[in-house]
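*Asks:* Here it is, the structure in full.
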Amino acid sequence: MRVAFVHPDLGIGGAERLVVDAASGLQSNGHSVVIYTSHHDRSHCFKETRDGTRLEATLLAFEAVGKRLLQTQPAKF
Numbered sequence: 598m599r600v601a602f603v604h605p606d607l608g609i610g611g612a613e614r615l616v617v618d619a620a621s622g623l624q625s626n627g628h629s630v631v632i633y634t635s636h637h638d639r640s641h642c643f644k645e646t647r648d649g650t651r652l653e654a655t656l657l658a659f660e661a662v663g664k665r666l667l668q669t670q671p672a673k674f
């Protein structure tokens with residue numbers, strides 16, 4: 598199965614760790630995984646995404662992805 602994760606900032610944090618762990622787990626079970634993000638600083642990220650050999654992190658412009666997602670998925674509190 599091909600799986601894509603969309604996360605706004607792939608830095609170091611709890612939500613980012615969950616995305617990386619889920620992607621790694623799926624990949625280790627034979628799935629094709631890519632993470633789309635609008636920010637990925639290779640000097641401030643988890644080692645799995647640093648060089649792209651363990652997990653692929655593809656940069657997308659916030660205008661193209663983030664804003665559209667926010668407009669189509671309103672927050673519910």
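First residue of the sequence shown: 598, per the numbering used here; consecutive thereafter.
Beta carbons: idealized from backbone N, C-alpha and C, even for Gly.
Going by beta carbon distance, what residues of the same chain come within less than 6 Å of D606, once the five residues before and after it are set aside?
*Replies:* H636
*Asks:* When the Cα atoms are used, what is the spatial distance from F643 to R614?
*Replies:* 8 Å
*Asks:* When the Cα atoms are used, what is the spatial distance from R628 to D618?
*Replies:* According to the sequence provided, residue 628 is His. The question's Arg does not apply to it. Cα to Cα, H628 sits roughly 14 Å from D618.
*Asks:* Measure the C-alpha to C-alpha separation of A612 and H604 and round it to an integer number of angstroms.
*Replies:* 9 Å
*Asks:* Where does S640 sit, in a helix, a strand or coil, going by DSSP?
*Replies:* In the three-state reduction of the DSSP assignment, S640 falls in the coil class.
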